[in-house]
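Numbering-wise, the working numbering comes out as the position in the sequence shown, counting from 1, plus 620.
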Amino acid sequence: MENEQQTSLGEFPTQSPTISTIRTGVAQSLDWSRASPRLYFVDDDDPLALSGLVGRRTRITVEDERFCTNCGKPAEWSPCSDCQGTPPMAECVYNPGVSCTYQNCPYPEFKQESCAHDFVVYLVVKDRVKVGITRAGRRTKRWKGQGATHALVLARAPNRKLAGVIETCCASHLDDSATSDWFSPLPEPEADLLDAAAVCRDALPSRLRTCLCAPEETDAEREARIIELDYPERNPNNTDFTKVDSFSEPGEREGRLCAVRGSVLATDTFTFNVRTHAGRHITIATERWT
């Protein structure tokens with residue numbers, strides 16, 4: 621089985637630390653560039669690297685007002701109603717198998733930049749098996765952004781539209797409404813992936829099966845292609861993060877940052893889903909040694 625290596629976490633000095641602010645701004649997203657978690661802010665090209673904060677006491681403050689992460693205007697949700705409907709915040713991007721009119725695309729520049737490229741159709745394991753699509757060169761970034769524990773490439777396609785058609789066929793045979801919050805991993809993820817892969821392969825009409833990866837491979841060969849994904853974690857007390865409070869409303873919380881997975885920061889007292897707070901002004905403070 622292939623393995624994505626976890627980011628190395630160093631030891632901290634023994635002198636008494638103080639908690640001080642290290643970043644403040646409007647939260648945009650938690651991104652996994654180069655397989656490491658980085659917190660991005662609106663109008664700020666310098667993301668906050670999170671791996672080095674794991675193990676430290678951390679305080680997060682969330683303000684009530686929300687802004688659109690695309691245009692920056694005050695909004696009840698992000699993206700705002702004015703920004704919804706145009707790529708990348710468009711239904712043809714969210715659901716290309718049904719809504720994309722590839723040959724008559726009304727957004728030719730976006731199509732050329734983001735859709736007319738090699739895509740993969742994949743299965744990932746979270747709290748259940750989920751099907752999805754992504755640009756071929758961004759698959760690990762996408763899987764880690766979803767917080768998946770294991771992944772398997774099912775098919776390849778030359779554009780977003782065809783990948784979306786395959787995804788739609790597979791999704792109709794899977795209960796893949798997976799959570800974006802912290803979850804307990806499935807006990808037999810490899811077996812669940814292989815079962816789901818068999819279901820999806822049988823669900824595809826013959827005209828789409830040419831897109832399958834190694835259509836004649838055995839289960840053993842397919843299992844060897846499963847990728848296990850690791851995340852930065854330091855959890856000496858074996859805290860069950862599914863049982864701590866979810867920090868979902870404006871306010872201030874403090875705890876020791878124990879892990880980062882997907883869009884979620886997990887501490888020993890609460891979990892913080894960056895996706896939930898996108899567009900809100902947040903302040904991150906953490907232990908620092910002087």
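Glycine residues also receive a C-beta, built at the ideal position from the N, C-alpha and C atoms.
Are Thr920 and Gly899 closer than 8 Å when you measure CB to CB?
Look at the range of the chain in this structure, 621 to 910, and you will see that residue 920 is not part of it.
Straight-line CA distance for Arg679 to Phe867?
12 Å
Of the listed residues Thr889, Leu772, Ala777, nearest to Thr830 (C-alpha basis)
Ala777
Counting only the same chain and skipping the five closest in sequence on each side, list residues whose C-beta sits under 6 Å from that of Ser804.
Thr862
In three-state terms, what does DSSP make of Val731?
Sequence inspection shows Lys at residue 731; the Val mentioned does not correspond to that position. Helix, per DSSP.
Cβ-Cβ distance between Tyr742 and Val785 below 8 Å:
no
Taking Arg854 as part of the beta strand (DSSP E), name the residues at either end of that continuous run.
Note, Arg854: premise wrong, no beta strand (DSSP E); not H, not E.
In the DSSP assignment, what residue or residues form a beta bridge with Leu794?
According to DSSP, Leu794 bridges with nothing at all.
Exposed or buried, what is Thr641 when buried is set at 16 or more other beta-carbons lying within 10 Å of its beta-carbon?
exposed
Excluding the five sequence neighbours on either side, which residues of its own chain have a C-beta within less than 6 Å of the C-beta of Glu787, listed in chain order?
Gly717, Val741, Val751, Ile753
In DSSP terms, what Lys863 is bridged to:
Per DSSP, none; premise fails for Lys863.
Coil, strand or helix - Glu624 by DSSP
At Glu624, the pLDDT of 47 sits below 50, so the modelled position is not reliable and the matter cannot be decided from this model.
Could you check what DSSP says for Trp909 in three-state terms: helix, strand or coil?
coil
Buried versus exposed call for Cys820 [16 or more other C-beta atoms within 10 Å across all chains shown]:
buried
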